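Report on one structure; see the data block that follows.
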Amino acid sequence: MNDPACVSFPWSMIDKITPRPDASVQEILKQDGLADLEPVITSKKTYVAPFVNAEETEYLVIEDAFPNGRPDFKVAGFYFTERETVDRVEKMKVCTCLNPLHTSLAVFGCLLGYDKISEEMKDADLLALVQKVGYKEGLPVVVNPGILDPKEFIDTVLQVRVPNPFMPDTPQRIATDTSQKLAIRFGETIKAYQADPALDSASLRGIALVEAGWLRYLTAIGDDGKEFELSPDPMLESLAPTAAALKALYGKADRASVEAAAAPVLAETRIFGADLAAAGLVPQILDDLTAMLAGPGAVRKVLHEAVQA
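In terms of this note's numbering, the sequence shown is residues 153 to 461.
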């Protein structure tokens, strides 16, 4: 087991968006004569069903370490490469070219009342936001794996993958566990900007807006002024005092009160993956959060102004 010439444990990276089982797909399958398709929803709100609805686009990158040989899976479109390249593909996807865009759409999709990611892509402001986060802010520090072009990868994400109406994904699903995602999806970019003297981390306008949007999301009040259900997250209990304090400020927020309420969470580097104060992002986050707490329509107003900047 310890001899790589006999047994290997190749690294791999798979990328294929696979949403929860969707009722519209279930109905199509029923019309085709299939039965007993009802999904089971667990106590933790995970979904299990006899069918899967997923996108056509897929990437499977595997470390080429097979001491006993392997079939020629390249004919199926698999990528075989070195371990380091597998790791770089993972970082490109998770830190820059897909997952940050997904989380941006999830946070604002929930706030703006969307129930389909594909519908969000028809929203000019949301499209501009993910273009800003991906192309303008992410690409300057992207980890380029060499075997996939980062810009082309984002092109496919924004032009083919997430706008696909037949891949019925929801912002509510992607918003699950956001407290566990912010560090890797945005923190790595923030740290990369801080490490490069030619770049200014305080200029990350799109990322600052998403961080502020997540704090606004925790109030569970949509941009229409109505309450919605937060997606499951292991830190919701510990975040509850901050969420309650921000919710109490809805419709009457001032900068000083918002700062007092949000400061403990904004200082949590384990959530954001970087020191937001050292990165110069806290003032912008607080400005955005204060403005988004003004009342109905405030989230849309701040979003529109931010993406036009």
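Cβ atoms here follow ideal geometry from the backbone N, Cα and C, with glycine treated the same way.
Fair warning: this is a prediction, and the values are worked out from it, not measured in the lab.
Beta-carbon proximity list for residue i, same chain, < 6 Å, skipping 5 on both sides
i, result
"Ile437", "Ala360, Glu363 and Ala364"
"Asp440", "Leu361, Ala364 and Val454"
"Val451", "Leu263, Asp375 and Met444"
"Gly447", "Gly403"
"Lys343", "Ala426"
"Ser331", "Asp385, Met387 and Ile423"
"Leu212", "Ile166 and Phe230"
"Ile306", "Cys249 and Gly286"
Residue range of the alpha helix (DSSP H) that includes residue i
i, result
"Val417", "Arg407 to Leu418"
"Ser176", "Ala175 to Gln183"
"Ser164", "Segment Ser164 to Asp167 is the beta strand (DSSP E) holding Ser164; no alpha helix (DSSP H) there."
"Gly261", "Asn251 to Leu263"
"Thr170", "From DSSP, Thr170 is part of no alpha helix (DSSP H); its letter is neither H nor E."
"Arg325", "Pro323 to Ile326"
"Gln311", "First-last for Gln311: undefined, no H or E at that position."
Nearest to residue i (by Cα), restricted to the options the options
i, options, result
"Leu367", "Lys399, Arg337 and Ser355", "Lys399"
"Val459", "Ile166, Leu279 and Phe218", "Leu279"
"Ser353", "Val434, Lys378 and Leu370", "Val434"
"Gly425", "Ala408, Val417, Asn154 and Ile336", "Ile336"
"Phe338", "Met153, Tyr211, Ser409 and Val282", "Val282"
"Ala473", "Ala405, Arg422 and Ala429", "The question about residue 473 has no answer here: the residues shown for the chain are numbered 153 through 461."
"Phe318", "Ala347, Asn205, Gly377 and Thr255", "Asn205"
"Phe232", "Met244, Ala217 and Lys245", "Ala217"
"Ala228", "Ile193, Val238, Ile214 and Arg235", "Ile214"
"Asp329", "Ala412, Arg357, Gly377 and Asn251", "Asn251"
"Ala392", "Gly377, Ala413, Glu234 and Val293", "Ala413"
"Trp163", "Ala396, Asp348 and Glu234", "Glu234"
"Pro349", "Pro223, Phe380 and Pro292", "Pro292"
"Ala201", "Gln178, Glu381 and Glu304", "Gln178"
"Lys196", "Gly185, Ala276, Arg325 and Asp224", "Arg325"
Alpha-carbon to alpha-carbon, residue j and residue i
i, j, result
"Ile180", "Lys274", "25 Å"
"Ile299", "Lys333", "25 Å"
"Ala187", "Thr209", "27 Å"
"Lys226", "Gln311", "26 Å"
"Leu351", "Asp167", "30 Å"
"Ser256", "Met153", "43 Å"
"Thr394", "Leu418", "10 Å"
"Phe230", "Tyr287", "26 Å"
"Val309", "Glu457", "24 Å"
"Thr237", "Ile269", "30 Å"
"Leu356", "Lys243", "19 Å"
"Leu132", "Tyr369", "Residue 132 lies beyond the range of the chain shown here (153 to 461); nothing can be said about it."
"His254", "Asp301", "19 Å"
"Ser383", "Ala327", "6 Å"
"Tyr345", "Ser409", "30 Å"
"Ala461", "Pro223", "52 Å"
CB contact check: residue i to chain D, cutoff 8 Å
i, result
"Gly265", "No chain D appears in the structure shown, which is made up of a single protein chain."
N- and C-terminal bounds of the beta strand (DSSP E) containing residue i
i, result
"Glu215", "Tyr211 to Glu215"
Cβ neighbours of residue i in the same chain (closer than 8 Å, five flanking residues each side left out)
i, result
"Arg240", "Val295, Asn296, Pro297 and Gly298"
"Pro219", "Pro156, Ala157, Cys158, Val159 and Ser160"
"Lys182", "Leu189"
"Lys464", "Summary: the structure shown does not reach residue 464, with the chain confined to residues 153 through 461, and so no result is reported for it."
"Gly432", "Asp352, Ser353 and Ala354"
Chain-order list of residues whose beta-carbon lies under 7 Å from that of residue i (same chain, five-residue window excluded)
i, result
"Glu340", "Cys247 and Gly425"
"Tyr266", "Glu272 and Pro323"
"Ser176", "Pro320"
"Tyr199", "Arg172, Pro173, Pro191 and Ile193"
"Glu289", "Thr341, Leu356, Gly358 and Ile359"
"Ile169", "Ala206, Glu207, Arg313, Met319 and Asp321"
"Asn316", "Glu207 and Ser270"
Sheet register partners of residue i (DSSP bridge)
i, result
"Phe232", "Ile214"
"Ile193", "Tyr199"
"Glu379", "Ile373"
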